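Protein chains in written order, with the numbering used here: chain R, 6 to 467; chain H, 1135 to 1348.
Here you go:
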């Protein structure tokens, strides 16, 4: 048996089976959540490329699966990546039961995960663009369930993600030529330009970011959060893979300056827009843009420490987005919620209000919340190489703090005595999520240490 | 008195074989078809004309791709393009005949002008792009025309139908260019799936508000 069959084939087949069972929504969500957890555990325990003894049978878990001349390769360093993806998947499915998601969310979400894993495993890498495009197409029915009017956000999402594909495919073609002629500066520049444009479209980098707040504003925030968590994570890991594979890309000095500049612009612009935003779901979108900007800043450090910060940022982002998205989905359902609509929320739905604030302020880097330790470490490292950038980033970060303070101000304001109106089961989920944000913020060591294991798959980036 | 210097290249046409000239003129046909279809795709309001233009457009795409690929493989582009057009057309109804608000002269003229600008840009930048891809010039023209008009269509339209037509058009342009550098059957197959997937996603978004939960 090959590893690809286990971590790509099984989720795809399960997605097909659960598609026919989608009317049993809760059952689907629970079963798929459990499958994700199982796949994460198997990624932890099974030796890729080794032999497994199961019920008296010896099964070889092959690292490479070749189909039509192309390969899906899982190295021994891919354990952490598989654990991360399926662990994150399990986490998102836990909350999906109460997040008012559509019936298609569970099976299609699993298929999306399978395609994203395939994108990271496929060789040569230009096929990754096609798998990511397939994943994008599968998200469409998930994001816009039947009966809902599609808005500009989903259309732009499909456009921008599709535009990335040609650039990455051309980059793949030029990269093979550059490998043969590493001294040709013109080719090198072309390859970097194509890659940069491809990744810019995928990651909603400035100026291609307009769809993010539009999307979060018009679809279920939890589903949008799922998409906005997994796609950037996979694309960031793919970018590490590129850096690991191509020495000419690693040594292209302008790349790190450009990453720093773009990352800072994303943080500053996201921060400015979010400070003036009145709609809660759109704030969520701007926070995602800022978070992506911080990841680019971590990459721009061009050091082992920078890469460690880059990988550990995944955890804080996951927790914050899940909790914030869940609270928004429970609060809003299909309608748009503005600052005026949350007046008195601290009294009527204190757990929901707390979850929204925890998610927002965690991404803003408030001390003792999940993102804070990694953010502090990032800024400490960044100030050594680019103090002015840190100043700008700080200004952007203040924008998100201002948004958080505006949320607190609205939620605390109430003209009449607000009645307590919190539902127990969603409140339990949100409370646990909020607690997780605090626990990771106070004790960041254990989980983040495991996340650094992601770098094992990229031996040339050590 | 000025002496006019002639370059020997100016008289190249005198020494070319008639068959080569004929071939070059023949290769211009898909470009001319594309120039017509890009106008139709952009300015025609009834969806039937747009779909018909898309169908003709894919014929030209396959024709251009056949210059660098075996005809059998290039035919995949034609079949997939026609299937995508059929999928997009199948979800249209007479009620949605694209004539909301009727014919607006200013809008028509604006689109026509914009396409003119796209043509101008395409024919101006082709020599520059030629340095990067070294593909036959007809392929570059066809490809850049489609990419330019596709981007224009996506930029000026708000309806899912028009946007997905633009997206498929731009993608077709990319596929022509990519065909000149890569002839893998697997890539052709996967791109075909992506095209069909985009058409399906577009169709879904066009009717999703009228559907009951899946």
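Beta carbons: idealized from backbone N, C-alpha and C, even for Gly.
Quantities reported herein were computed from a predicted structural model and do not represent experimental measurements.
Host alpha helix (DSSP H) of residue 1343 of chain H (start-end): Boundaries cannot be given for residue 1343 of chain H, as no alpha helix (DSSP H) includes it and DSSP labels it neither H nor E.
Can you tell me whether residue 11 of chain R is buried or exposed? The criterion is at least 16 other CB atoms within 10 Å of its CB, across all chains shown. For residue 11 of chain R, the number of other beta carbons within 10 angstroms of its own is at least 16, and it is reported as buried.
At least one CB of chain H closer than 8 Å to the CB of residue 178 of chain R: is that the case? At least one chain H Cβ lies under 8 Å of residue 178 of chain R.
Assuming residue 1299 of chain H and residue 1227 of chain H form a contact by the criterion Cβ under 8 Å, report the distance between their Cβ atoms to the nearest whole angstrom. Rounded to the nearest angstrom, the Cβ distance from residue 1299 of chain H to residue 1227 of chain H is 17 Å, too far for a contact under 8 Å.
For residue 497 of chain R, which residues in chain H fall below 7 Å Cβ to Cβ? Given that chain R is displayed from residue 6 to residue 467, the structure contains no residue 497 of chain R and the question cannot be resolved.
Inter-residue Cα distance where the pair is residue 299 of chain R and residue 392 of chain R: So the two alpha carbons sit approximately 15 Å from each other.
The alpha helix (DSSP H) that contains residue 1185 of chain H, what's its start and end? First-last of the alpha helix (DSSP H) with residue 1185 of chain H: 1181 to 1199.
So residue 325 of chain R and residue 361 of chain R are supposed to be a Cβ contact under 8 Å. How far apart are they, rounded? With a Cβ gap of about 11 Å, residue 325 of chain R and residue 361 of chain R do not count as contacting.
Can you confirm whether the region 304 to 316 of chain R touches the region 412 to 432 of chain R when touching is taken to mean that 3 or more C-beta pairs between the two stretches lie within less than 8 Å? Verdict: no, contact absent.
Which first and last residues belong to the beta strand (DSSP E) in which residue 472 of chain R is found? Residue 472 of chain R is absent from the model: chain R starts at 6 and stops at 467.
Closer than 8 Å to chain H by CB, residue 149 of chain R: Residue 149 of chain R has a beta carbon lying within less than 8 Å of a beta carbon in chain H.
What would DSSP say about residue 138 of chain R, mapped onto helix, strand or coil? In the three-state reduction of the DSSP assignment, residue 138 of chain R falls in the helix class.
Contact set between the region 1243 to 1270 of chain H and chain R, restricted to residues whose Cβ is under 7 Å from the partner: Under the 7 Å Cβ criterion, the region 1243 to 1270 of chain H contributes 1266.
Compute the Euclidean distance between the alpha carbons of residue 1201 of chain H and residue 1304 of chain H, then round it to the nearest angstrom. In a straight line, the C-alpha of residue 1201 of chain H is about 20 Å away from that of residue 1304 of chain H.
Are the Cβ atoms of residue 257 of chain R and residue 213 of chain R separated by less than 8 Å? In this structure, residue 213 of chain R does not lie closer than 8 Å to residue 257 of chain R by Cβ.
Under 8 Å, do residue 1194 of chain H and residue 1276 of chain H count as touching if we go by C-beta distance? In contact: residue 1194 of chain H and residue 1276 of chain H (Cβ atoms closer than 8 Å).
Quick check on the burial criterion: 16 or more other C-beta atoms within 10 angstroms. Buried or exposed for residue 1268 of chain H? Exposure of residue 1268 of chain H is indicated by the presence of fewer than 16 other C-beta atoms within 10 angstroms of its C-beta.
Helix, strand or coil at residue 341 of chain R according to DSSP, with G and I counted as helix: Coil, per DSSP.
Check whether residue 226 of chain R and residue 263 of chain R have beta carbons under 8 Å apart: Contact check for residue 226 of chain R against residue 263 of chain R fails: the beta carbons are separated by 8 Å or more.
How do the region 167 to 185 of chain R and the region 1305 to 1322 of chain H stand: do at least 3 beta-carbon pairs fall below 8 Å, yes or no? Judged by Cβ distances under 8 Å, the region 167 to 185 of chain R makes contact with the region 1305 to 1322 of chain H, as three or more pairs qualify.
Distance cutoff 8 Å, beta carbons only. Does residue 1204 of chain H sit that close to anything in chain R? The beta carbon of residue 1204 of chain H does not come within 8 Å of any beta carbon belonging to chain R, so the residue lies off that interface.
Do the region 88 to 100 of chain R and the region 40 to 47 of chain R meet, that is, are 3 or more Cβ pairs less than 8 Å apart? Verdict: yes, contact present.
How big is the Cα-Cα spacing for residue 249 of chain R and residue 78 of chain R? Their Cα atoms are separated by approximately 15 Å.
Give a yes or no on whether the C-beta atoms belonging to residue 1241 of chain H and residue 1280 of chain H are separated by under 8 Å. No.
What does DSSP give as the partner residues of residue 127 of chain R in its beta bridges? Note: residue 127 of chain R sits in a beta bridge opposite R:77.
Since residue 1310 of chain H meets chain R, which of its residues come closer than 8 Å, beta carbon to beta carbon? Neighbourhood of residue 1310 of chain H in chain R, by CB distance below 8 Å: empty, with the nearest CB roughly 11 Å away.
When the cut-off is 8 Å and only beta carbons count, does residue 1162 of chain H lie next to chain R? Among the CB atoms of chain R, none fall inside 8 Å of the CB of residue 1162 of chain H.
At least one CB of chain R closer than 8 Å to the CB of residue 1338 of chain H: is that the case? Output row for residue 1338 of chain H: interface = yes.
So for residue 186 of chain R, helix, strand or coil by DSSP? Coil at residue 186 of chain R, not helix or strand.
Spatial neighbours of residue 231 of chain R within its chain, please: CB distance less than 7 Å, with the 5 preceding and 5 following residues excluded, ordered by chain position. For residue 231 of chain R, where only same-chain residues beyond five positions count, the Cβ hits under 7 Å are 97, 114.
Could you spell out the range, first to last residue, of the beta strand (DSSP E) harbouring residue 56 of chain R? Here the beta strand (DSSP E) through residue 56 of chain R covers 56 to 59.
Taking all protein chains shown into account, do 16 or more other C-beta atoms lie within 10 angstroms of the C-beta of residue 1344 of chain H, making it buried, or fewer, making it exposed? By the 10 Å Cβ count, residue 1344 of chain H comes out exposed.
Which runs of the alpha helix (DSSP H) spanning at least 4 residues fall entirely within the region 1226 to 1298 of chain H, listed in chain order? Fully enclosed alpha helix (DSSP H) runs of 4 or longer: 1239 to 1267, 1271 to 1290.
CA-CA distance, residue 1189 of chain H and residue 1167 of chain H? Each residue's alpha carbon lies about 11 Å from the other.
Near residue 169 of chain R, what residues of its chain come up, given a Cβ to Cβ distance below 6 Å and the 5 sequence neighbours on each side ignored? Excluding residues within five positions, the ones whose Cβ falls inside 6 Å are 203, 206, 207.
According to DSSP, simplified to helix, strand and coil, what is residue 72 of chain R? Here residue 72 of chain R sits in strand by DSSP.
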